[in-house]
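Notes for the one structure printed next.
Residue numbers (this note's numbering), protein chains in the order written: chain A, 3 to 463; chain B, 3 to 463.
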């Protein structure tokens, strides 16, 4: 068991943990980051396509309002390129395929009107929800006790209208409308700049990609504090005694004055704390659960659908793949179709053997893009619920009733223990932007609580 | 680090774990039970009132249909006595106190009729929910995507009618109707013999108490396998390799052929498993959360309310104490008022200093039973969310959307890892009866999977 003395321990080298560590390091503090995996980045994960480019098996997009991530991109010498967004999109409904040019598929006029009205209502309600403190919304308890499914049943009557919002819910939360409270949905909408901004590619949260893959954000950030990051060290226990914190990981123990736990709340609750955390904090963590998502990508010699005037984007009520993007590398040296399995589909197909899952995903691609889509050069995927140190994705959300009743515990420090992670963000929760914001906020808490910078006592890791 | 070789390891010496261990021992298998606390019983906890009797700070009641618990009571040489249930009950609504003699307080006739109709509807729906497999109910997905709060808003219009069902929900789940799906509510009703049976004292789940306190069930059961139970050994990790399981607790490692994890799912998920558990199992565990409850008891020289013709039972819409029982020891050597804090009230008051909480509870008792109730000889309580090895009570339940989508994972074994605990019971989940049933079922799974009884390799613990 190696022993390290430092000032601040950060648990987790995802974007949130790295943001906290960078901020603290910049303020002259000694930091050690303990990371369970043998890599940094958490839910960001690059995959090298044998020389033809990089695709991301985890989070990947950056929106124009994600200002902290854009600042990192500049600082770290990275660049972005636009998500491929030209050509017609496809909409598959009960086996019938339609292509369309605008923002929305040609649903029936009634469905379209309904969707517009419902979206307006949701946006209007969302404006009444304080982004950072949704539990203070006027009808917090009622909204948190109503699932999105219940709200849709009362406010959207057409099958296609409901299907649209189901796709929206899956696409944003990797969960079904049955699982999400209206308050949690509205809070996310409010905290992310509105539904439009969340759903759009150009001008929205899917606008840009990072050249070389989004994990470079974490890799480069970690490089700037490389001697402070310890990989392969899953943290198991946090013990606070007087003004000292002892953080125990496999193979290493770190002693510090404070700790920032930069994990999703459900995973943060799996550490053993001494003394035990307050009941309210634990009950909140029990009620913050991970969405279910699998990213599945088929790789072709070229993005052949572009020649047919297709954007490669598709939404399907049929499933199991319900949302598809052209995820080809920037230079077009290969064509990549990205299919998302989300919520129930991710759970159902996540339990299958890889071959069976691949066959179902390719079958969906063939229905959309023709027989050629069935003969990829390569196929890569990641089922995030299977990942021991993520247990789902994209992010965690609060189950019905939890946010209104226990929400303040999400980021309230427990003595010398501080909480980061995109789930705790005051804005853009669930996005990379939220992760960075949350880490920087936790770092500021620590700096405020430890205003003096004692003489560094840290050793190299 | 002590090393033990055995055939089966059981994690947790609550009723479920002890039931499993007894069953396996009776079948000639070598068992070791690893218990985190320095006592057995889990959520059963006796408290000795300085010689005047015993009260329970945890689960306590036994209903007439709880046949396995009654069998244990006989086998273990224990006895029951009836919960005090004579005299008038009290109903406090917005500060107005009413006493009543029947089963229901004198609500307005409209409210009474509404309650009757709604109860009938709920019972009727519950009959369509298979007790052991609620995810196979006809409208499972819709019912699981509707909170009880939403259902009540549509089906119960009077304030008092809603208040009644809110009390019911709190009383059964230690959670608000906002947190419980209709499917989870109906599943519990179905699995426990109907709402009447759950709510009644005489003839219902609160009918009897165990002489000497319910924890004696666990203590006596553990006595019968005393050399097999290891206290103060919180399990941290379970590693399966080939046909062997290694269970690592603080200070002791046990090697066996199989393990039964007899913890609430949310706590079971906090162990480190190698290999990692399937994603579906983990996602289900994330979505099974503990209710919030505090049991608060004031001790008086005598049960003075009985002389006034009061039963000591009360329900209050006012709060924070919403349900009150006469919990005096059998011989009446002392009077004990038991007030439950449940759901939001447990969370709110659970965060206060003990003195403040005590003052609020006694204030409620005074409103109900007069000034004398404000001067107890003693006051004892337990806030279960604060308990590191329970993290809430009475039991865990599945959050909206989880049961329909992930329910089968609740008790599906993961290779050599089996699941027990009242949350996994096929009937009477949440009750002591469910705990015993679940432990016995898990033991049968193990016996079926390991039909031959190899020569015992176990050493004493």
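Ideal Cβ positions, reconstructed from N, Cα and C, are used throughout, including at glycine.
The shortest C-alpha to C-alpha distance from residue 71(A) to any of 453(A), 454(A), 439(A), 445(A) is the one to 439(A). The residue among 299(B), 44(B), 321(B) with its C-alpha nearest the C-alpha of residue 57(B) is 299(B).
In this structure, residue 44(A) sits near residue 60(A), with a CB-CB distance shorter than 9 Å. By the Cβ criterion, the region 3-14 of chain B is in contact with the region 31-40 of chain B, since at least three pairs of Cβ atoms, one from each stretch, lie closer than 8 Å.
Annotation: residue 356(B) has no Cβ neighbours in chain A at a cutoff of 7 Å; minimum Cβ distance is about 13 Å. In this structure, DSSP gives residue 30(B) a state outside helix and strand, which the three-state scheme calls coil.
The way I'd put it, the region 222-238 of chain B doesn't touch the region 205-212 of chain B; fewer than three beta-carbon pairs between them come closer than 8 Å. Residue 82(A) is bridged by DSSP to 212(A). Listed in chain order, the alpha helix (DSSP H) runs fully inside the region 150-224 of chain B are 150-157, 161-175, 184-193, 197-201, counting runs of at least 4 residues. When 8 Å is used as the limit between beta carbons, residue 388(B) is near these residues of chain A: 278, 280, 281, in chain order.
With contact defined as three or more Cβ pairs closer than 8 Å, the region 392-407 of chain A and the region 365-381 of chain A are not in contact. The beta carbon of residue 191(B) sits closer than 6 Å to those of 128, 197, all from its chain and outside the five residues before and after it, given in chain order.
Each of 380(A), 344(A), 145(A), 103(A) was checked against the Cα of residue 177(A), and the nearest Cα belongs to 344(A). Per DSSP, the unbroken alpha helix (DSSP H) holding residue 143(A) starts and ends at 142-146. Residue 90(A) is bridged by DSSP to 312(A). Think of a sphere of 8 Å around the beta carbon of residue 428(B): no beta carbon from chain A falls inside it, the nearest being about 22 Å out. Put simply, of 231(B), 296(B), 246(B) the residue whose alpha carbon is nearest the alpha carbon of residue 381(B) is 296(B). In terms of beta-carbon proximity, residue 412(A) stays away from the interface with chain B, with every pair separated by 9 Å or more. Inclusion of residue 24(A) and residue 274(B) in the CB contact set at 9 Å is not warranted, their separation being larger than that value. Taking C-beta separations shorter than 7 Å and ignoring five residues to either side along the sequence, the partners of residue 137(A) in its chain run 405, 406, 409, 410, following chain order. Looking only at 436(A), 450(A), 441(A), 110(A), the smallest Cα-Cα distance to residue 63(A) is reached by 436(A). The beta carbons of residue 42(B) and residue 220(B) sit closer together than 9 Å. DSSP places residue 3(A) outside both helix and strand once states are collapsed to three, so it counts as coil.
Within the region 141-170 of chain B, contact with chain A at the beta-carbon level (separation under 7 Å) is assigned to 143, 146, 147, 148, 149, 151, 152. Distance from the CA atom of residue 303(B) to the CA atom of residue 134(B), rounded to whole angstroms, is 45 Å. For a cut-off of 8 Å, the C-beta gap from residue 46(B) to residue 217(B) is around 4 Å, short enough to register as a contact. Sequence-ordered contacts of the region 284-300 of chain A with chain B read 284, 285, 288, 289, 291, 292, 294 [C-beta pairs closer than 8 Å].
For residue 271(B), the chain A residues whose Cβ falls inside 9 Å of its Cβ are 268, 271, 272, 393, in order along the chain. Distance from the CA of residue 356(B) to the CA of residue 324(B), rounded to the nearest whole angstrom, comes to 18 Å. As for any alpha helix (DSSP H) of minimum length 4 sitting wholly inside the region 356-435 of chain B, the runs are 356-371, 404-408, ordered along the chain. Think of a sphere of 7 Å around the beta carbon of residue 408(A): the chain B residues whose beta carbon falls inside it are 349, in chain order. Ranked by Cα distance from residue 187(B), the options 211(B), 145(B), 156(B), 157(B) are led by 145(B). Contacts with chain A at 9 Å (Cβ-Cβ) include residue 183(B). Here DSSP, grouped into helix, strand and coil, assigns residue 52(B) to coil. Bounds of the alpha helix (DSSP H) holding residue 77(A) are 69-77.
Separation of residue 77(B) and residue 194(B) (C-alpha to C-alpha, rounded to the nearest whole angstrom) is 23 Å.
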